[in-house]
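**Q** Have a look at this one.
Number of protein chains: 4
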Amino acid sequence: MNRFGIRMSNQNQSEGYMIKVGIYGASGYTGQECLRLLLRHSGVEVVAITSRRYAGLPIADVYPVFAGLTSLAFMNAAPHEVAREADVIFLALPHSESMKVAPIFWESGKKVIDLSADFRLRDVDVYESWYGRHVSSQLVPQTVYGIPELYREEVAKTRFVANPGCYPTSIILGSAPALKNGLIDTTSVIVDSKSGTSGAGREPAVGSLFCEVNEGFKAYKVCNHRHTPEIEQELSRLAGQEIRVSFTPHLLPLDRGILSTIYATLTRDITGKEVTELYRNYYEGERFVRICQPGSFPNVAFVRGSNYCDIGVAVDARTQRLIVVSAIDNLVKGAAGQAIQNMNIFCGFPEHEGLEMIALFP
Amino acid sequence: MNRFGIRMSNQNQSEGYMIKVGIYGASGYTGQECLRLLLRHSGVEVVAITSRRYAGLPIADVYPVFAGLTSLAFMNAAPHEVAREADVIFLALPHSESMKVAPIFWESGKKVIDLSADFRLRDVDVYESWYGRHVSSQLVPQTVYGIPELYREEVAKTRFVANPGCYPTSIILGSAPALKNGLIDTTSVIVDSKSGTSGAGREPAVGSLFCEVNEGFKAYKVCNHRHTPEIEQELSRLAGQEIRVSFTPHLLPLDRGILSTIYATLTRDITGKEVTELYRNYYEGERFVRICQPGSFPNVAFVRGSNYCDIGVAVDARTQRLIVVSAIDNLVKGAAGQAIQNMNIFCGFPEHEGLEMIALFP
Amino acid sequence: MNRFGIRMSNQNQSEGYMIKVGIYGASGYTGQECLRLLLRHSGVEVVAITSRRYAGLPIADVYPVFAGLTSLAFMNAAPHEVAREADVIFLALPHSESMKVAPIFWESGKKVIDLSADFRLRDVDVYESWYGRHVSSQLVPQTVYGIPELYREEVAKTRFVANPGCYPTSIILGSAPALKNGLIDTTSVIVDSKSGTSGAGREPAVGSLFCEVNEGFKAYKVCNHRHTPEIEQELSRLAGQEIRVSFTPHLLPLDRGILSTIYATLTRDITGKEVTELYRNYYEGERFVRICQPGSFPNVAFVRGSNYCDIGVAVDARTQRLIVVSAIDNLVKGAAGQAIQNMNIFCGFPEHEGLEMIALFP
Amino acid sequence: MNRFGIRMSNQNQSEGYMIKVGIYGASGYTGQECLRLLLRHSGVEVVAITSRRYAGLPIADVYPVFAGLTSLAFMNAAPHEVAREADVIFLALPHSESMKVAPIFWESGKKVIDLSADFRLRDVDVYESWYGRHVSSQLVPQTVYGIPELYREEVAKTRFVANPGCYPTSIILGSAPALKNGLIDTTSVIVDSKSGTSGAGREPAVGSLFCEVNEGFKAYKVCNHRHTPEIEQELSRLAGQEIRVSFTPHLLPLDRGILSTIYATLTRDITGKEVTELYRNYYEGERFVRICQPGSFPNVAFVRGSNYCDIGVAVDARTQRLIVVSAIDNLVKGAAGQAIQNMNIFCGFPEHEGLEMIALFP
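Residue numbers (our numbering), protein chains in the order written: chain L, 22 to 383; chain Z, 22 to 383; chain A, 22 to 383; chain G, 22 to 383.
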């Protein structure tokens, strides 16, 4: 029993010291996904999950998948209380909420992984033009944008990770090899993304009702989705020059998955096979990126529940364009899984610990 | 009772002469959709539906939606037999089958609407490079590409309509106003399309199984889908110059609907509101094209079961691109509905007769 | 233009007098379905649709399926205002709201069809034990329970129809022939029903979110669903004796459809073929009830968007039980379609007017 | 490298001896699910997967979820070849295929888990009346019906497990406590089951196409589903007397999950709370059975991808009936998971080894 009265019976307790984790804001799909994965991580113990709405309720009452697996209950705990108990804090709050509590965790000296958008943008002005006022901008320089495949070393050294957005993760991983190799005209990038509905979260809203989403498909927030500046920041960083993209998100009538189709004009003659090779080389040794055979393309169904990013590439010889298709599970590689991957890095666990799920198909 | 032994009890028989219609190849989703709509058309009588596989079976045994509504049974009839009975023939056969029988119907002097791809491409060489040998190329010059909103007068004069493909319909209607007004750089057109699964037809195949499609989403036939030359032919015709497009189809886990997102670089400064206005003017008086309010975009759910093409436009001022989103029901405006619209035109019915369905939502 | 400023341009205005219809509470799925069907009814004109929440908004802004089809806008009108304009009022309010306004419509002398549960139960005490206090119980004796197939004559004479619930409609039609013929032991009736999600309405609630319903299936309100007394009242009436049933509703991950599987012990030896015959005889001449061939059973997909109730029967010779499977579209035969069928009867239209939709498949 | 040329790189190879497993007939959904789970089992090594159709193809080409995870390829190997390599053989063949090869594996002295129906029925005559001739009936007495919660000791001693059917698993676990405690009238059992589409397997058939299943729901094989005798055999065994049930399966438009609703007349007065208690006691210590709180009921979404059977009970006091709702993932507890649970028992692993997946939600 810890001070929160929680018996940790369902944790894989090995003999050594277990890293203590708190999930601050654990009642949404992302928070519960963090817990789902952390309960099967051999080196951590979840000591606190918080929620104002569900305070006092066992999480198994809200998410019955946890029945018999954990006796954890939601607490309405203040940040400093959680900081006292935990070594690592996952912030799974909505944007603009996260920045309010982040400084308390930071100052406690604990490690933080923020799954909101609040610390992803390096330029506070840009943040404020898309999201509104930033109340903790002093922390921004302390944070590392946590895509392990690109910034593993920085992640290893930080104790504050800004965990990337779901759309950006699929797009950054899908375009990094092309950008790093100068393969595409940086003024020509168009991204057409499609996301499953879990990306909309668990807040009740007419637009997220089953009957409004099912058997439907639409573009939304055309030309003004808030992930645009994050995508541009990171693609620019990879290209070493300012990049603007046209980014159009669409809503898929399925639970999990993002598929991004990326179009850009090639800067030189190259075959699809050669691009595949180039992508393979770029991601060599990366456990969570899989490059499809030439002529094959990913399906969100084949990454469902897993931490993989599957990427397929093609050269449209008729128009001299590169087409990249990139698929992730938005709740795993696009959120909770990547967060744990980051945690593994800065806590010294094997990077794949707790993340070896094989996609659930069908 | 006609000579096929079919009692036409479920037809709306008004006093005047009823146009007699035969559906050649009626057992697929497109064929049955033609029948579904024609049974509610006040001016026609369906006199024959054919199928080799289901010959002898009442269509209500294969598609129970027709129970109590028609006693029509599939026949394994030769083309000339159907031609003798019918004034208008809908060919709902797979491509390369259609061209084998089309000449018989043509020579019978009857009116023909071909829903396959066989007579859509003006250039037989192009056809053959994508589909294989064309055995009835002599007929190609006789046919009219049947998008009523663009070629109403030609349709009125022909007696052989090549009914457009589903993807092309959504893309042509979505880009015509921009191309006709010189609004976009014709070298910059990228089309990202998403189709419901009924587009794959009713042939049993692993890839079309529920468990393979459901909760999945993928790109397919990247850079080599057979609708590409049809799209290019028609966009080129609208632009008055050769156009090549990057066209990427994707498979949606839903029954009906195509949504195409079209990207192109603007040739001049213009606002989204102005583009909306321009689209509204272009389609003024068109009953089956609806232009969304500025800032609104279509959803395939809002055209399901209807003959509408809904179009939304946006200007991405940051990248100077036009983004058009276009939605149809692939089985209606993308196939059977448009075929009946063409029939109405060349038979002298009001163009909307039998096509006034309001989309079924939810 | 009428006094509400609504131009009725989209109505099929024939020369004769058009019955004027108001939909009181038109913003839910049931209300919009009434409008969808009424707009295609040749003898009526919809003069008012009300909604507090959306007052002032064109319905096409809330339900884009209506774009280009009607200029009707939601009004926040008092009952007497609507009563003044309309000849027939559809009440599509939640239960306990309906009974508050029903007396005003009743006293206005206009015809009323109430789609809520408020006037379905003959015994006010029973109503109050399941729903809470009834504030208009004086009206209960004036109303007719509107299942046309059973009570057509009563409907023809009333001017207040209590439109049946969706589950009850499927169950009553599915068991009437068996009960009327004394075929089953009335103490043995078990009903296992499954409903699509549109039955839960359009109120935002966590339990109705896409991600909560999709890929899920559950029983709910086991032993205490409010449709139980309505089912029992009507089955008892058919049997001529008190019947208690076990009724278990389940939630299906699809938009439209109710399928009820009804089990009861047979009182005599009979074959499935004979029961089929008996059901066919019972519903002879009924346009909206279809009895499946022996060995065939209904699918909610085959009634989607239509006013049909499809019924299949089987005799389980091993256990001497009758099994009846009954399918409807909960929004059509289970709500709006049946309401219009009732209107047609008491207004003197052909009973099928405006209800000849063929189910949308796939 | 083993003799099949397969490098076992993706296995969790601990130091001790790894049990060698072959999956005979691994190309269906059940076979691949076995592999998915076995690859994450710490004590086994999969040495062979067979398929005639896909012989020579890496399984990752057929099921891309395995990309990067295993280099296993399908072999067209004879039974004795697989028997030579493997210690345990999973037979994931269709019924009537399994019995042809089972004797070879049996005689090899290896351990066998048969996932088909061929060895589940104790009475060969009953088998033959439902399935056709049994060519290996001599083996039937050697096999143990493998529901660990009921027959753990027998499983521990056998080397041939007949792995239960998916429907029967949900029904047997759902009714065992009631039957064992004489709680219900054994002549009154009615089972209404609903299964996800993966239960239909991966053979291409019109009835399993996405567009035929999606947005649909139907009963099928009413009164004649082949799982009926298996259900009756096992319920009779539990009750100690002959039981006949009415069993009606239905097809759900979702991938995974079976939910069975079981109705029976109570033999004595008892409350829902007391029945819950009785069920809890019966399954005390069982890791994979979870009894819901009184008033709560399972949802297939909450067991998806896991080995749990969730059970909720209610007493319908108005009709003196017990209602039990039982949910499993048909591919896990209903097939591959239960098979591995049986393997764990007869191989001496902890029973939950490799089966600790938390359900994937949403």
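Ideal Cβ placement from N, Cα and C applies to all residues, glycine included.
1) Please classify Z/Asn33: does DSSP put it in a helix, a strand, or coil?
2) Please confirm whether A/Ala240 has its beta-carbon closer than 8 Å to some beta-carbon of chain G.
3) Quick one: what's G/Gly333 bridged to in DSSP?
4) In whole angstroms, what separates the C-alpha of G/Leu112 from that of G/Leu136?
5) According to DSSP, is L/Lys41 helix, strand or coil?
6) Would you mind giving the Cβ-Cβ distance between G/Ala240 and A/Val346, rounded to the nearest angstrom? I have them listed as a contact below 8 Å.
7) Going by beta carbon distance, what residues of the same chain come within less than 8 Å of A/Arg308, once the five residues before and after it are set aside?
8) State yes or no: is the beta carbon of L/Val234 nearer than 8 Å to at least one beta carbon in chain A?
9) Pairing CB atoms from the segment 188-195 of chain Z with CB atoms from the segment 180-199 of chain G, are three or more of them under 8 Å?
10) Using beta carbons (cut-off 8 Å, strictly below), is A/Tyr50 in contact with chain L?
11) Check G/Thr249 in the structure and name its three-state DSSP category.
12) Residues of chain L with a CB under 9 Å from the CB of Z/Ala76: which are they?
13) Is the segment 118-132 of chain A close to the segment 322-336 of chain A, with three or more CB pairs under 8 Å?
14) Please work out which residues of its chain come closer than 6 Å, Cβ to Cβ, to Z/Asp213, disregarding the five sequence neighbours upstream and downstream, and give them in chain order.
15) Less than 7 Å between C-beta atoms, sequence neighbours within five positions excluded: which residues of the same chain meet that for L/Asn387?
16) For G/Gly89, go through chain L and note every residue whose CB falls closer than 7 Å to its CB, in chain order.
17) Of the residues that make up the segment 312-328 of chain L, which ones have a beta carbon closer than 9 Å to any beta carbon in chain G?
18) Closer than 7 Å: is that where the CB of Z/Met378 sits relative to any heavy atom of the ligand COA?
19) Just checking: is the beta-carbon of G/Thr190 within a distance shorter than 8 Å of some beta-carbon in chain A?
20) Apply the 10 Å Cβ neighbour rule to A/Gln262 and answer buried if 16 or more other Cβ atoms are within range, or exposed otherwise.
21) Exposed or buried, what is Z/Tyr75 when buried is set at 16 or more other beta-carbons lying within 10 Å of its beta-carbon?
22) Check the Cβ-Cβ distances between L/Leu230 and every residue of chain A, and say whether any is below 8 Å.
23) Determine, using beta carbons only, whether L/Ile379 comes closer than 8 Å to chain G.
24) Could you say if the segment 291-300 of chain G and the segment 349-362 of chain G meet the contact criterion of at least three C-beta pairs nearer than 8 Å?
25) Taking only beta-carbon atoms, is A/Tyr45 less than 8 Å away from chain G?
26) Could you check the C-alpha separation between L/Phe367 and Z/Cys244 for me, to the nearest Å?
27) Taking beta-carbon pairs under 7 Å, can you tell me which members of the segment 273-304 of chain G lie near chain A?
28) Is A/Arg289 buried or exposed, if buried means 16 or more other CB atoms sit within 10 Å of its CB?
29) Under 7 Å Cβ-Cβ, which residues of chain Z neighbour A/Val86?
30) Taking the runs of the beta strand (DSSP E) that are 3 residues or longer, which of them lie wholly in the segment 63-144 of chain L?
31) If you check the beta carbons only, do L/Arg301 and L/Gly217 fall under 8 Å apart?
32) Are there 16 or more other CB atoms within 10 angstroms of the CB of Z/Ala98, so buried, or fewer, so exposed?
33) Among Z/Ala199, Z/Leu299, Z/Arg57, Z/Ala380, whose alpha-carbon lies nearest the alpha-carbon of Z/Leu287?
34) Which partner residues does L/Pro270 have in the DSSP bridge list?
35) Taking the alpha helix (DSSP H) that A/Val296 belongs to, which residues open and close that run?
36) Would L/Arg73 pass as an interface residue toward chain A - the criterion being a Cβ-Cβ separation below 8 Å?
**A** In short, the structure shows the following:
1) Note that Z/Asn33 scores a pLDDT of 44, beneath 50, so its modelled location is shaky; the value from the coordinates is reported in the next line. Coil.
2) yes
3) G/Val346
4) 6 Å
5) strand
6) 5 Å
7) Glu372, His373
8) yes
9) no
10) yes
11) helix
12) Near Z/Ala76 there are no residues of chain L at all, since even the closest Cβ is about 33 Å away, more than 9 Å.
13) no
14) Thr269, Thr282
15) As shown, chain L starts at 22 and ends at 383. That puts residue 387 of chain L outside it, with no answer to give.
16) Arg311
17) Cys313, Gln314, Ser317, Pro319, Asn320, Ala322, Phe323, Val324, Arg325, Gly326, Ser327
18) With respect to the ligand COA, the structure offers nothing, as it holds no ligand at all.
19) no
20) exposed
21) buried
22) yes
23) yes
24) no
25) no
26) 42 Å
27) Leu273, Pro274, Leu275, Asp276, Gly278, Leu280, Thr282, Tyr284
28) exposed
29) Phe323, Ile379, Ala380, Phe382
30) 65-71, 109-112, 132-135
31) no
32) buried
33) Z/Ala199
34) L/Ser214
35) 293-303
36) no
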